[in-house]
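Residue numbers (the working numbering), protein chains in the order written: chain R, 113 to 373; chain S, 4 to 330.
Idealized CB from N, CA, C, for every residue including glycine.
The model shown is predicted, which means the values in this text are computed figures rather than measured ones.
Structure, as structure tokens:
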Amino acid sequence: MTAVNALSAETVSVTLGDRQVIDRISASIAPGEFVTVVGANGAGKSTLLKTLAGLIKPQSGRVTIDGALLSDLPARDVARAIAYLPQDRTVHWPMTAERVVALGRLPHRSFAAAETASDRDSIETAMTRMDVMPFAQRPIVALSGGERARVLVARALAQQARYLIADEPTAGLDPAHALHLFAEFARIARDGNAVITASHDLSMGLRYATRVILLSRGACIADGPASAVLKNDLLAQAFGIETIVTTIGGIPVVVPASPLT
Amino acid sequence: MTPSGFAFDRPVLVTAALALCAFVMSLWVGPDGWGFPQNPAAAEIVFREIRVPRAILGFLIGAALGLSGAVLQGYLRNPLAEPGLLGISGGASLGAVTAIHSGLAGKVAMALPVAGLAGAALATVAIIALAGATGSTTTLILAGVAVSSIAGALTSLALNLSPNPFASTEIMFWLMGSLTDRSLVHVWLASPLILIGCAMLLTTGRDLDALSLGEDAAKNLGVDLTGLRFKVIAGSALAVGAATSVAGAISFIGLIVPHVLRPFVGHSPARLLLPCLFGGAAMVLFSDVVLRLLSPQGDLRLGVLSALIGAPFFLWRVLSSRREMGP
């Protein structure tokens, strides 16, 4: 049952307070995949991602990584295997952007060790990829929301984990950087890593994701290739809207048309 | 330059040099200004029995307050946090005041600091019982506020009901904090606790750095939040509880030292720890030197002077950060 070389949630249910947020969901990602989780607000996307990252312990079901139970692994091994990028972009101290990116190297460094050349290399590569070099030395509080978002993605990339879990990473990004980020995630996946994001950008999901997981009211209602999941009937069920799925100039797009009555 | 770990970089070296300088000055100054009594035998006794314990205690107490302030601000992600916030120094004060009030402190010399330690221990148990081993930082702040309010109210009650004016004056003076007339016995009592507490606090650096990104991201970076909470509470309790038990409440050090030093370490909570340890020590020792020069009779108290020096410093920081960040 347990797939080797995958991060898998097996029939997990999570109750937060007195609300059942996700109900017996099974989902997994394997190296090479770029999976996007879509669904209405409150459908359970963030909770599913947190459960996969090991931040929430499910009331039932289990999460495994490469065949082993995630909760059995030492925290540092999990930190090296899974990078989690929260939706909340608060950074509590006005550190420079570069220093924030460097925090991603913490799991790779022993207690009092200084930065190694490979740490340095990962930090610079991550900053270059996310185009944050121009403001690397500026305090994070002085950056715009979108710039800050890119710094935090670079922080997660610097962690160099096999699995990257990103919760709405493109929220607040300008179209150019949103496009760039999706392309970058697709490239990371092609390099043999696994990426899973929650996103409301259905067109980008359709264009770049190798697979889409559609959630509705805490349950998984579809899981498959983007073109098989992002279809009118399923989107109507998940979002309660009429959608137009088409291609413009060879680029697939999903356009919300009108609310279902 | 490393954002974590112990880099012995410029802020550490500068604050350590300041602390060393203040330590030597503290050994050199007495009620008659700089220098020692003429009589060599008297000079030796003064040096060994009075100056050395005072300088060592000043260093350790300042280190405990500065470091604990830095750790608490990092852990609570709140620049207004300070060691008194957890209610541990309130508990220690209450214990010591109870010893004075009951007359026990007058009969047994060490009753006062021991009662202070007992008060600090009691306050710590109360905080852990209220805030739990896990849970939000807000719960911890609220528990600290509750415990320090109760301790403060009971301290006022002891003052209110004090048997005679002398006792109430003694309580008031003790509450203002002082290093006067402390002996090597005080050093032996407090130093192991302060050293263990500081050692625990110094191990929290990388976790505090990770926590800058919030609890979820910190946990993903491998931080054991329960273990961190234990180290923060227990380390502060040992270091600050012992410091308050021997010297009374010395305000402002734990609040302003991290504030003043933060810009010099690039706002990294981890790199702030060692400079705050030395910076706190330097500030308490300098205040104590100034105090002895200004008021040789010892009627000016250390806690009052540290607040008088600290508040303008703080004001300067507030104004300059307003200029940096805009209003």
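Mind checking who residue i pairs with in its DSSP beta bridge?
i        : result
Asp184/S : For Asp184/S, which the question treats as bridged, DSSP gives no partner whatsoever.
Gln76/S  : None; Gln76/S has no bridge partner.
Trp37/S  : Val32/S
Pro371/R : Ile353/R
Phe146/R : Val307/R
Leu197/R : Ala278/R
Glu173/S : Paired residues: none, contrary to the question.
Thr127/R : Gln132/R
Arg174/R : Glu122/R
Gly151/R : Leu327/R
Ile141/R : Leu119/R
Give me the residue from the options with the minimum Cα distance to residue i.
i        : options                                : result
Phe255/S : Pro82/S, Trp37/S, Ser248/S, Pro116/S   : Pro82/S
Asp227/S : Leu241/S, Gly208/S, Ala245/S           : Gly208/S
Ala110/R : Gly330/R, Ala209/R, Leu269/R           : Outside the shown range of chain R, which is 113 to 373, sits residue 110/R, and nothing can be said about it.
Leu178/S : Leu107/S, Gly93/S, Met28/S, Ile259/S   : Gly93/S
Leu371/R : Met242/R, Lys169/R, Asp335/R, Gln349/R : Correcting the residue type first, residue 371/R is Pro in the shown sequence and not Leu. It is Gln349/R.
Ala112/S : Gly122/S, Ala123/S, Ala99/S            : Ala99/S
Leu211/S : Leu198/S, Gly122/S, Val235/S           : Val235/S
Thr309/R : Gly151/R, Asn117/R, Ile137/R, Ala331/R : Gly151/R
Gly69/S  : Met28/S, Ser309/S, Ala95/S             : Ser309/S
Ile194/R : Pro186/R, Leu347/R, Arg201/R           : Pro186/R
Ile174/S : Arg54/S, Val27/S, Gly109/S, Ile131/S   : Gly109/S
Ile356/R : Thr176/R, Asp345/R, Leu346/R, Pro368/R : Pro368/R
Arg185/S : Pro40/S, Arg51/S, Leu322/S             : Arg51/S
Ile131/R : Asp233/R, Ala155/R, Val116/R, Ala142/R : The sequence given here has Arg at residue 131/R, not Ile. Ranking the options by Cα distance to Arg131/R, first place goes to Ala155/R.
Pro34/S  : Leu303/S, Leu196/S, Pro315/S           : Leu303/S
Gly3/S   : Ile253/S, Leu297/S, Cys279/S, Thr206/S : As displayed, chain S neither begins before 4 nor continues past 330, which places residue 3/S out of reach and without an answer.
Thr163/R : Val265/R, Asp279/R, Ala290/R           : Asp279/R
Val17/S  : Val268/S, Val287/S, Pro299/S           : Val268/S
Asp200/R : Leu280/S, Asp219/S, Leu305/S, Val263/S : Asp219/S
Cα separation between residue i and residue j?
i        : j        : result
Arg265/S : Ile91/S  : 24 Å
Ala19/S  : Ala149/S : 36 Å
Val190/S : Ile59/S  : 7 Å
Ser1/S   : Pro116/S : Residue 1/S lies beyond the residue range present for chain S, which begins at 4 and ends at 330; the question has no answer from this structure.
Gly147/S : Thr247/S : 16 Å
Thr148/R : Leu21/S  : 55 Å
Val260/S : Gln76/S  : 11 Å
Thr142/S : Gly362/R : 55 Å
Leu277/S : Gly301/S : 31 Å
Gly8/S   : Ser222/R : In this prediction, Gly8/S has a pLDDT of 44, which is less than 50 and means its spatial position is unreliable; what the coordinates show is noted afterwards. About 9 Å.
Thr123/R : Gly155/S : 53 Å
Leu160/R : Gly173/R : 12 Å
Trp319/S : Val244/R : 33 Å
Ala273/S : Gly283/S : 16 Å
Met207/R : Val341/R : 42 Å
Arg329/R : Ser120/R : 20 Å
Asp12/S  : Val190/R : 32 Å
Leu294/S : Gly313/S : 14 Å
Val49/S  : Phe39/S  : 8 Å
Asp284/R : Gly257/R : The question names Asp, but residue 284/R is Gly in the sequence shown. About 7 Å.
Val307/S : Asp291/S : 11 Å
Ala273/R : Pro219/R : 10 Å
Val365/R : Asp313/R : 10 Å
Thr127/S : Ala240/S : 6 Å
Arg299/R : Gly144/R : 9 Å
Thr322/R : Asp345/R : 20 Å
Ala142/R : Asp178/R : 9 Å
Gly225/S : Pro168/S : 56 Å
Pro195/S : His262/S : 27 Å
If contact means a Cβ-Cβ distance below 7 Å, which residues of the segment 202-226 of chain S contact chain R?
Hits within the stretch, in order: Arg209, Asp212, Ala213, Ser215, Leu216, Gly217, Asp219, Ala220, Lys222, Asn223, Leu224, Gly225.
When you check each C-beta in the segment 248-277 of chain S against every C-beta of chain R, which residues fall closer than 8 Å?
Taking 8 Å as the Cβ-Cβ cut-off against chain R, the residues of the segment 248-277 of chain S that qualify are Arg265, Gly269, His270, Ser271, Pro272.
Please give the ranges of any alpha helix (DSSP H) in the segment 303-368 of chain R, keeping only runs that are unbroken, at least 4 residues long and fully inside the region.
Fully enclosed alpha helix (DSSP H) runs of 4 or longer: 314-320, 338-341, 344-351.
Whole alpha helix (DSSP H) runs in the segment 74-149 of chain S with 4 or more residues, listed along the chain?
For the segment 74-149 of chain S, whole alpha helix (DSSP H) runs of length 4 or above, ordered along the chain, are 91-104, 107-110, 114-134.
Return the residues of the segment 71-98 of chain S that lie within a Cβ-Cβ distance of less than 7 Å from chain R, sorted by chain order.
The segment 71-98 of chain S vs chain R, Cβ under 7 Å: Arg80.
Residues from the segment 203-221 of chain R in contact with chain S, defined by Cβ distance under 8 Å
Per Cβ criterion, the list reads Val203, His204, Trp205, Pro206, Met207, Thr208, Arg211, Val212, Ala214, Leu215, Gly216, Leu218, Pro219, Arg221.
Listed in chain order, which residues of the segment 261-279 of chain R have Cβ atoms closer than 8 Å to some Cβ of chain S?
Result list: Leu264, Arg267, Gln271.
Taking only runs that begin and end inside the segment 179-262 of chain R, name each unbroken alpha helix (DSSP H) of 4 or more residues, in chain order.
Entirely contained in the segment 179-262 of chain R, the alpha helix (DSSP H) runs reaching 4 residues are, in chain order, 187-193, 209-214, 229-241.
Residue ranges of each alpha helix (DSSP H) within the segment 204-273 of chain S, 4 or longer:
Residue ranges of uninterrupted alpha helix (DSSP H) with 4 or more members, entirely inside the segment 204-273 of chain S and ordered along the chain, are 208-214, 218-223, 228-250, 256-264.
Mind checking the segment 160-194 of chain R against chain S and listing, in chain order, the residues whose C-beta falls within less than 9 Å of any C-beta there?
Cβ contacts with chain S come from Lys162, Ala165, Gly166, Leu167, Pro186, Ala187, Arg188, Asp189, Val190, Ala191, Arg192, Ile194.
Check distances from the C-beta atoms of the segment 284-318 of chain R to those of chain S and list, in chain order, the residues that come in under 8 Å.
Per Cβ criterion, the list is empty.
Could you tell me which uninterrupted beta strand (DSSP E) segments, each at least 3 residues in length, are contained entirely in the segment 299-328 of chain S, listed from first to last along the chain?
None, since the segment 299-328 of chain S contains no complete beta strand (DSSP E) of that length.
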